Amino acid sequence: MNDKHKKVCSEDQAVLEVLKNLDEAVETVFDRSQDMKCCPIGASVSGICCKNCAMGPCRIRDDKVGLCGATLATIAARNLARHIAVGAAAHSDHGRDMAMLLKEVAEDKAEGLKIKDEAKLLKFAKNLHIKTEERKIKDIALEAANKALALFGQQEGEIDLISIAPQKRQDIWRKNGIVPRGIDREVVETLHRTHMGVDQEPENILDHALRNALSDGWGGSMVGTEITDILFHTPQALPAKTNLGMLSEKDVNLVVHGHEPTLSEVIAELADDSELVQYAKSKGAEGINVVGICCTANEVLMRQGVAPIGNFLSQELAVMTGSVDAMVVDIQCIMQALGELVKKYHTKLITSSPKCKIPGATHVPAEEGKVLETAKKIIKMAIDNYGNRKKVRIPQITSDLIAGFSHEYIRYMLGGRFRESLRPLNDGIIDGRIQGVVAIVGCNNARHTQDKYHNYLTKEFIKRDYLVVQTGCGAISSAKCGMLAPEFYEHAGEGLQSICEAVGIPPVLHLGSCVDNSRILTVVSDVIAEGGLGEDISDLPAAGIAPEWMSEKALSIGAYFAASGVYVAFGGEPIPVVSSQEVVDIMTKGWDKKYGGQLEYVPDVDQILEKVINHIQAKRKALKIDVKKERVLFDMDARRELGNV
Ligand code: SF4
Ligand code: MSK
């Protein structure tokens, strides 16, 4: 790695320290991002490539058309729809696996697993219109699992979970014919429509892409989140620490990485198992240190306080500390480069899902019903590898954080055990102490300095009294620079500070992993139900930003938020439609008119800030809450006066 790269690749000091102290010839994603330029056609803002049939690939610019006559706008819409389908499939397949697991647990076929959150199961069952009175929990769980699984193959009608959305939002979807039927059906239909010679009208293609994305947000992802809560309990705020400094010199370090939490939750629980700890001691270690990367990290962080040692771009760096005895990966966002990298270090790379095998890794699948046994086997592999460490260089950098702000916990924290409610949040927004809510979510992207845009935007928003909520790698960015610590409220504006102080929360709330963006949908629906802020999600002074997006899942998330009535800005790399002004117009002005939301690429980070603030202030004006008011309690009469009840 040359000096130039070290300076610009990351804002994370721990990452920079690992790179600085490197004496081996090791290549990382940061080097590759310098050495390999983006494909000039794919990255072009004036052209696009279609490879959907063997008469192509057709490279299109301006008014040129493909061999079949497909226009730039049609190809841009098709390409985006396909990306969204893949993102939705990834989240939803994860959700399906959680539903399969719930079924195993309900049928007593999953050793070591049980239903930990019965209240959440009852709520989930209610949303699936399942009778819960006078029934055994396991019977309800089995029916809920079967009904959740049926959502994937449903051929007609509407998926049940959309009933969580405000009535007005459901009506908008119905009017435009985009209520999802079955999750798999929408993915398959996207692939069909974008096959050569099928759907050719950009707006029609993109409407279906939104339907597909909704089947993710209000379907597959929501199933994933809800069932993970049922099996491993709904998160509650808890303290933890983050960054590479949480790797231990004296303990066996086992990193969990990916997205599916099942095996990792069990591995984390077993870190204190006396037999395993004894085994670790017999090999010269003091104990077992389980830590995480990416969204598996977010899952075990929120429920067990396991330290996230890094986000997407940190995965190679963890291995390069020389201290990771095993890294167990499940699905999604796992760099293939790890397989080569571990050949230079002692780390044992272990794949655990039949869907993800990596050359250079040892495959240890968690067979049906044998999660506990598999978890023990993997921990023992890590322990056995402890003695093989060579040079260990762990940057002594950590930060404190609070994570675990589930929808349920936010209600509890604002209202207390007996009066749990979002009322104080709505009142804070109405009286202007909170100007609006901004979700800053999503990945890192090696084409841009790691964490830079996430952290810049987060600081700028809280300074101006915007409450920031986060998921995925964005949440870990903020955690690493201390913004998820309660004392960070001092950096917030006066209004937001007063709420953080009163409730005892940081100004930036960690809501979970990528699939947990569905928690944001639940919270905003509940904010509408609470009253005083309009009748639909599109009325809210809220917005979403993915400033360093990278994955197709991010596009699905952006699309389901836009279809749910939210203004969404993507920063960093362009959304792959920017070469077609027609498609850009559909996704901004067109979607705004039909759905009250937009998905827009905004290249400059300050422009994102400005656009989001302008959008939120326009919403405040429309709600007639744009004038800063004295703090008053809004009773029903006052809300009626605002015209919102
Ligand atoms: Fe070219 Fe049309 Fe085939 Fe695409 S579908 S590769 S534009 S001929
Ligand atoms: S892990 S999808 S890099 S957020 Fe969810 Fe991070 Fe993006 Fe993967």
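If you count by the numbering used here, then the sequence shown holds residues 1293 to 1937, one letter each, in order. Beta carbons: idealized from backbone N, C-alpha and C, even for Gly. As the structure is a prediction and not an experimental result, all values here were calculated from the model.
The three-state reading of DSSP puts residue 1615 in coil, since its state is none of H, G, I, E or B. Nearest to residue 1771 by alpha-carbon distance, out of 1428, 1891, 1754, 1694, is 1694.
For residue 1631, same chain residues with a beta-carbon under 8 angstroms away, outside a window of 5 residues either side, are 1641, 1650, 1651, 1652, 1653 in chain order. Residue nearest to residue 1316 within the set 1767, 1811, 1636 is 1636 (criterion: CA-CA distance). Relative to ligand 1, the nearest heavy atom lies less than 8 angstroms away from the CB of residue 1358. Shown here for residue 1829: same chain residues with a beta carbon closer than 6 angstroms to its own, the five before and five after excluded, namely 1461, 1816, 1856, 1857 in chain order.
According to the DSSP secondary-structure assignment, residue 1585 is paired through a beta bridge with 1549, 1602. A residue is called buried when at least 16 other Cβ atoms come within 10 angstroms of its Cβ; residue 1765 meets this threshold and is buried. The alpha-carbon separation between residue 1587 and residue 1355 amounts to approximately 42 angstroms. In the pairwise beta carbon analysis, the stretch 1369-1386 is classified as touching the stretch 1507-1519: at least three pairs are separated by under 8 angstroms. With 16 or more other Cβ atoms inside 10 Å of its own Cβ, residue 1907 counts as buried.
DSSP places residue 1803 in the uninterrupted beta strand (DSSP E) bounded by 1800-1804.
Fully enclosed alpha helix (DSSP H) runs of no fewer than 4 residues occupy 1513-1524 of the stretch 1504-1529, in order along the chain.
Counting along the chain, residue 1341 sits inside no alpha helix (DSSP H); it lies in the beta strand (DSSP E) bounded by residues 1339-1342.
Relative to the non-hydrogen atoms of ligand 2, the Cβ of residue 1636 never comes closer than 8 angstroms to any of them. Residue 1757 sits close to residue 1788, with the two beta carbons spaced by under 9 angstroms. Setting aside the 5 residues that flank it on each side, residue 1903 is surrounded in the same chain by 1861, 1894, each with a C-beta closer than 7 angstroms to its C-beta; the list follows chain order.
In terms of side-chain proximity, the C-beta atom of residue 1428 is found no nearer than 8 angstroms to any non-hydrogen atom of ligand 1. Note on the stretch 1663-1726: whole beta strand (DSSP E) runs with a minimum of 3 residues are 1691-1695, in chain order. Distances taken from the Cβ of residue 1881 to the heavy atoms of ligand 1 include none shorter than 8 angstroms. When Cβ pairs closer than 8 angstroms are counted between the two stretches, the stretch 1723-1742 is seen not to touch the stretch 1876-1892, the count staying below three. Contact between residue 1436 and residue 1420 holds, since their C-beta atoms are separated by about 6 angstroms, short of 8 angstroms. Put simply, the backbone Cα of residue 1438 is about 17 angstroms away from that of residue 1412.
When distances are taken from the beta-carbon of residue 1846 to the heavy atoms of ligand 2, the shortest one is below 8 angstroms. Under the three-pair Cβ rule at 8 angstroms, the stretch 1696-1712 does not count as touching the stretch 1549-1568. Shown here for residue 1598: same chain residues with a beta carbon closer than 6 angstroms to its own, the five before and five after excluded, namely 1560, 1582, 1584, 1592 in chain order. Taking a C-beta distance under 9 angstroms as the contact criterion, residue 1540 and residue 1615 qualify as a contact pair.
In this structure, residue 1352 has its beta carbon less than 8 angstroms from a heavy atom of ligand 1. Look at the beta carbons and you see the stretch 1532-1547 touching the stretch 1599-1610: at least three pairs across the two are nearer than 8 angstroms.
One Cα belongs to residue 1405, the other to residue 1456, and the distance between them is close to 28 angstroms. Close CB contacts of residue 1872 within its chain, under the 6 angstroms cut and outside five residues either way in sequence, are with 1364, 1365, 1368 (chain order).
A straight-line Cα-Cα distance of about 11 angstroms links residue 1333 and residue 1349. Annotation for residue 1412: the continuous alpha helix (DSSP H) segment containing it runs 1410-1419. Spatial neighbours of residue 1402 in its own chain (CB-CB distance under 7 angstroms, excluding positions within 5 residues in sequence) are listed in chain order as 1393, 1396, 1661, 1663.
Exposed is the label assigned to residue 1710, since fewer than 16 other Cβ atoms lie within 10 Å of its Cβ. By the Cβ-count criterion, residue 1751 is buried, with 16 or more other Cβ atoms from all chains shown falling within 10 Å of its own Cβ.
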